[in-house]
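Novice: Structure in structure tokens, see below.
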Ligand SMILES: [Zn+2]
């Protein structure tokens, strides 16, 4: 069977019919005649957008904010909170929460998720094993990539044990090597551990980078120069990059140019960083966002994601890419179109995935949002949505809203 999507508006404002055959777009035209092989979805009034990908999730921590409140509200408080409760994360608990969160993402339109999994003395390889099971269970529905997130050590003994655990996590079959060098007492040692592991394994690298308002942090620049010097070509993503947003403009522009030259994808995570950063700045607090304009002007790939989902790092979140996209409009000053491309096309590029387009031959990964405008769609004003992955319908959300006290109010 083929799937015929009728009367959709694409990102360029074209009103078209789209026929999907298997996992690909087969035909696009203003009107396509229905054939006996077609399943037909009438999507008149809907925008058909490239399906978002979540380039930076933490499914192992998801949905735990009520278990461990973040007492200080900052990054250090979140890490302390998660370490406090991680001992109680059983395999079943990890799998159940991660799966539930993944379904929330899927219902909102996200058909690919890169999730970090804590690796360290507080977690062993337990989180990795659980998320690998989730990856296998969801295969064919959601592309899940698991990143072994080497935790920063709290003591020299932890560093040694952490290196052993990272090797074990890689042997279990993770997709990406991660880390957070800026959290290490010795930042160079933190980078070295993850870098060496990625090179040895031939895996992409995705590092939490300079998630700090320290204006002297240069982890992103050091990473970019190292990628250029070594020719590392398995793919490098730098997430957060908050400090770049408080650097002097010329310094930020210089780093952005090196990031672009190195081909590093940068993932901005506005919701979590607006929550965690700037708590010690009572007046005119910084936004905790990377230097979006400088990076884009330099030609770097800038994606956006949701990061933590209702956990001590971010007690909010709807697993909805419209949240990250609309925050990129509000706080990153992107257009609605560019914001959507940040959570879809750019996110997929960071993950090494093909980018869906409404043209024949494209991968068939789309979300249809019922909205009067692209602004309304990106704002998340459209709760009603239809999700297509690998050419088939995988999620559909309908809403009935009634205002019985309002004469003549529209039903939506
Ligand atoms: Zn993260």
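Residue numbers (our numbering): 632 to 1043.
Virtual Cβ for every residue (Gly too), placed ideally from N, Cα, C.
(1) Rounded to whole angstroms, what is the Cα-Cα separation between residue 973 and residue 666?
(2) Helix, strand or coil: which one does DSSP assign to residue 835?
(3) Kindly indicate the opening and closing residues of the beta strand (DSSP E) around residue 952.
(4) May I ask you to report which of helix, strand or coil DSSP gives residue 969?
(5) With respect to 6 Å, is the separation between the Cβ of residue 837 and the closest non-hydrogen atom of ligand 1 below this value?
(6) Please state the DSSP three-state secondary structure of residue 921.
(7) Below 8 Å on the Cβ atoms is my contact criterion, and I expect residue 672 with residue 648 to pass it. Report the Cβ-Cβ distance as a whole number of Å.
(8) Taking 6 Å as the cut-off, is the beta-carbon of residue 841 closer than that to any non-hydrogen atom of ligand 1?
(9) Buried or exposed: where does residue 827 fall if 16 or more other Cβ atoms within 10 Å of its Cβ makes it buried?
(10) Take every Cβ of the stretch 697-714, pair it with every Cβ of the stretch 903-913, and state whether three or more of those distances are shorter than 8 Å.
(11) Comparing C-alpha positions only, which one of 698, 760, 980 sits nearest to residue 723?
(12) What I want to know is whether the C-beta of residue 938 ends up closer than 6 Å to one or more non-hydrogen atoms of ligand 1.
(13) Is the Cβ-Cβ distance between residue 730 and residue 765 less than 7 Å?
(14) Under 8 Å Cβ to Cβ from residue 1025, same chain only, skipping five residues before and after it: list those, please.
(15) Anyone know if the C-beta pair for residue 889 and residue 848 falls short of 7 Å?
(16) By alpha-carbon positions, which one of 988, 792, 644, 933 ends up nearest to residue 891?
(17) Going by Cα to Cα distance, which pick from 952, 774, 923 is closest to residue 936?
(18) Three-state secondary structure (DSSP) at residue 686?
(19) Residues in its own chain within less than 6 Å of residue 979 by CB, not counting five upstream and five downstream?
(20) So, with DSSP's three-state summary, where would you put residue 825?
(21) Determine, using beta carbons only, whether residue 895 and residue 925 come nearer to each other than 7 Å.
(22) Between the C-alpha atoms of residue 839 and residue 991, what's the straight-line distance to the nearest angstrom?
(23) Please say whether residue 634 and residue 680 have beta carbons closer to each other than 7 Å?
(24) Straight-line CA distance for residue 958 to residue 769?
(25) One question on the structure: do residue 783 and residue 811 come within less than 7 Å of each other, judged by their Cβ atoms?
(26) Between 960, 981, 988, 1034, which lies nearest to residue 1009 when the distance is taken from Cα to Cα?
(27) When the distance is taken between beta carbons, is residue 874 closer than 7 Å to residue 841?
(28) Let me make sure I understand the geometry here. Which of 950, 921, 636 has the alpha-carbon closest to that of residue 651?
(29) What did DSSP end up calling residue 758 once you bin it into helix, strand or coil?
(30) Quick check: what's the CA-CA separation for residue 829 versus residue 670?
(31) Tell me the rounded alpha-carbon separation between residue 911 and residue 844.
(32) Taking the alpha-carbon of residue 886 as reference, which of 1002, 913, 931 has the nearest alpha-carbon?
(33) Would you kindly report the start and end of the unbroken beta strand (DSSP E) that includes residue 809?
(34) Please tell me whether residue 693 and residue 717 are closer than 7 Å, where the distance is taken between their beta carbons.
(35) Among 927, 659, 988, which one has its Cα closest to the Cα of residue 964?
Specialist: With the structure as the only source:
(1) Here the question's residue 973 lines up with position 342 in the chain shown. Here the question's residue 666 lines up with position 35 in the chain shown. Between residue 973 and residue 666, the C-alpha separation is close to 36 Å.
(2) Taking the first residue of the chain shown as position 1, residue 835 is located at position 204. Coil at residue 835, not helix or strand.
(3) Within the chain shown, the letter at position 321 stands for residue 952. Premise fails: residue 952 lies in the alpha helix (DSSP H), 952-961, not in any beta strand (DSSP E).
(4) In the chain shown, the residue the question calls residue 969 occupies position 338. It is helical.
(5) Taking the chain shown and counting its residues from 1, the one referred to as residue 837 is at position 206. The answer is no for residue 837.
(6) As a position in the chain shown, residue 921 is number 290, starting the count at 1. It is coil, neither helix nor strand.
(7) Reading the chain shown from its first residue, position 41 is the one you call residue 672. Reading the chain shown from its first residue, position 17 is the one you call residue 648. Their Cβ separation, rounded to whole angstroms, is 10 Å, which puts residue 672 and residue 648 out of contact at 8 Å.
(8) If you number the chain shown from 1, residue 841 lands on position 210. Because no heavy atom of ligand 1 lies under 6 Å away, the Cβ of residue 841 does not count as near it: no.
(9) Here residue 827 is taken as the residue at index 196 of the chain shown, counted from 1. Answer is exposed; the Cβ neighbour count stays below 16.
(10) yes
(11) Locating residue 723 in the chain shown gives position 92, counting from the first residue. Looking at the Cα atoms, 760 is the closest of the given residues.
(12) Locating residue 938 in the chain shown gives position 307, where the first residue counts as 1. Result yes, Cβ under 6 Å from ligand 1.
(13) By one-based count along the chain shown, residue 730 stands at place 99. By one-based count along the chain shown, residue 765 stands at place 134. Against a cut-off of 7 Å, the Cβ pair of residue 765 and residue 730 comes out as a contact.
(14) For the purposes of this step, residue 1025 is taken as the residue at position 394 of the chain shown. Around residue 1025: 737, 742, 772, 1018, 1019.
(15) To locate residue 889, count along the chain shown from 1; it is residue 258. To locate residue 848, count along the chain shown from 1; it is residue 217. Cβ atoms of residue 889 and residue 848: not closer than 7 Å.
(16) On the chain shown, residue 891 is found 260 positions in, with the first residue counted as 1. For the residues 988, 792, 644, 933, the minimum Cα distance to residue 891 belongs to 933.
(17) Walking along the chain shown from the start, residue 936 turns up at place 305. Answer by Cα proximity: 952.
(18) On the chain shown, position 55 is the one that residue 686 refers to. DSSP places residue 686 in strand when its eight states are reduced to three.
(19) In the chain shown, residue 979 corresponds to position 348, counting from 1. So the list reads 684, 986, once near-sequence residues are dropped.
(20) Your numbering for residue 825 matches position 194 in the chain shown. Residue 825: helix per DSSP, three-state reduction.
(21) To locate residue 895, count along the chain shown from 1; it is residue 264. To locate residue 925, count along the chain shown from 1; it is residue 294. No, the pair does not count as a contact, with Cβ atoms beyond the cut-off.
(22) What you label residue 839 is simply residue 208 of the chain shown in a count that begins at 1. What you label residue 991 is simply residue 360 of the chain shown in a count that begins at 1. The alpha-carbon atoms of residue 839 and residue 991 are separated by roughly 37 Å.
(23) Counted from its first residue, the chain shown places residue 680 at position 49. Counted from its first residue, the chain shown places residue 634 at position 3. Cβ distance not < 7 Å, so residue 680 and residue 634 don't count as in contact.
(24) In the chain shown, residue 958 corresponds to position 327, counting from 1. In the chain shown, residue 769 corresponds to position 138, counting from 1. Going from the Cα of residue 958 to the Cα of residue 769 covers about 28 Å.
(25) As a position in the chain shown, residue 783 is number 152, starting the count at 1. As a position in the chain shown, residue 811 is number 180, starting the count at 1. Cβ distance < 7 Å, so residue 783 and residue 811 count as in contact.
(26) Position 378 of the chain shown, counted from the start, is the residue given in the question as residue 1009. Nearest of 960, 981, 988, 1034 to residue 1009, Cα basis: 960.
(27) By 1-based counting over the chain shown, the position of residue 841 is 210. By 1-based counting over the chain shown, the position of residue 874 is 243. Their beta carbons are under 7 Å apart, which means residue 841 touches residue 874 by this criterion.
(28) As a first step, residue 651 is located in the chain shown; it is residue number 20 there, counting from the start. Residue 636 is the option with its Cα nearest to residue 651.
(29) Numbered from its first residue, the chain shown carries residue 758 at position 127. Looking at residue 758 - three-state DSSP - the assignment turns out to be helix.
(30) Residue 829 sits at position 198 when you count from the first residue of the chain shown. Residue 670 sits at position 39 when you count from the first residue of the chain shown. When rounded, the distance between both Cα atoms is 44 Å.
(31) The residue you call residue 911 lines up with position 280 of the chain shown. The residue you call residue 844 lines up with position 213 of the chain shown. The straight-line gap from Cα to Cα measures roughly 10 Å.
(32) Working through the chain shown from its first residue, we reach residue 886 at position 255. Out of 1002, 913, 931, 931 has the C-alpha closest to the C-alpha of residue 886.
(33) Residue mapping note: residue 809 aligns to position 178 of the chain shown, counting from 1. That run of the beta strand (DSSP E) goes 807-810.
(34) For the purposes of this step, residue 693 is taken as residue 62 along the chain shown, with counting starting at 1. For the purposes of this step, residue 717 is taken as residue 86 along the chain shown, with counting starting at 1. Cβ atoms of residue 693 and residue 717: not closer than 7 Å.
(35) As a working mapping, residue 964 is identified with position 333 in the chain shown. Closest option to residue 964, Cα to Cα, is 927.
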